[in-house]
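Taking it in order: structure first as structure tokens, then the write-up.
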Amino acid sequence: MKKKPIVILAVLGIIGLVIALAFVGSVAYLKISSEPWEELPYWKLTDEERQTAYQIAMQNETVKQYLDQGYHTTGHSPDCIYRNDETGITVGEVLLSKQGFAGKKYLHYYVSVYVNLNTGEVTGIDENLKDFRLTEEQAEKAKHIALSDPEVKKILKGKDYEIEVGRPLVKMSSYEIPLAEGFSVMGSTEELIGASVKFKFTDGTIVSVHVSLEKEEVIRISP
1 MKKKPIVILA
11 VLGIIGLVIA
21 LAFVGSVAYL
31 KISSEPWEEL
41 PYWKLTDEER
51 QTAYQIAMQN
61 ETVKQYLDQG
71 YHTTGHSPDC
81 IYRNDETGIT
91 VGEVLLSKQG
101 FAGKKYLHYY
111 VSVYVNLNTG
121 EVTGIDENLK
131 DFRLTEEQAE
141 KAKHIALSDP
151 EVKKILKGKD
161 YEIEVGRPLV
171 KMSSYEIPLA
181 EGFSVMGSTE
191 ELIGASVKFK
201 FTDGTIVSVH
211 VSLEKEEVIR
221 ISP
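Every letter in the sequence shown is one number past the one before it in our numbering, and letter 114, counting from 1, is 114.
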């Protein structure tokens, strides 16, 4: 699978909106670029199509890993079917979901699993929004990086403050997922690269320091 990276640095709290927009764009792309393909909502699927798509997805090793992490299928999985009226090729989208928190923000995490009902195989997986949580070790490392930065030291000098590690920083890359000949969707992957460290001062002001865990340096300081 050839990836075409479009890198975006974002705080996880706003990724939900980004993914939602990307998903809408993907559906529009399917309809425009693949005229013979018809999108069918889940309520128009036969029981056989639903069961086949579900079984194909559940047998995939990557999907099993997501299930072990607490993901589950939605109540009407697969959520939709894409069918080529000329060739009869049918691709189902099975959606995995997981509830969780990023900082104090409540989120749903999604993974789209595309299955080819004709060949009986998973043809693509779009992570959409993954469940990133910092370990205690990563959180302590983020604090250390922030506190060691010369510019941060100047800001903190002589002031009383509270420190807390906020949401993870995630690098997003988009790429094309070929599902069948002449039929693709735009997918995305996320990679944990850092964290946001907040300093709360007694006068009510807050300074956010974004740090890279890999490079062990401050990326940005914002008031």
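In this text, a Cβ means the ideal position worked out from N, Cα and C, and glycines have one as well.
- Close CB contacts of Ala-142 within its chain, under the 6 Å cut and outside five residues either way in sequence, are with Val-165, Ala-195, Val-197, Val-211 (chain order).
- Nearest to Thr-90 by C-alpha distance, out of Val-115, Asp-126, Thr-73, is Val-115.
- Counting other Cβ atoms within 10 Å of its Cβ, Trp-43 stays below 16 and is therefore classed as exposed.
- By the Cβ test, the region 120-136 is in contact with the region 167-184, since at least three Cβ pairs between them sit closer than 8 Å.
- Its chain contains Val-122, Ile-125 as the residues whose beta carbon lies nearer than 8 Å to that of Thr-62, once the 5 sequence neighbours on both sides are disregarded; these appear in chain order.
- Per DSSP, reduced to three states, the secondary structure at Lys-141 is helical.
- If you look at Lys-198, you'll find it in the beta strand (DSSP E) that goes 183-201.
- At the C-beta level, Ile-81 and Gly-88 stay beyond 7 Å of one another.
- With a threshold of 16 other beta carbon atoms within 10 Å, Pro-223 falls short and is exposed.
- Excluding sequence positions up to five before and after Ala-139, its CB lies within less than 8 Å of the CB of Val-165, Ala-195, all in the same chain and listed in chain order.
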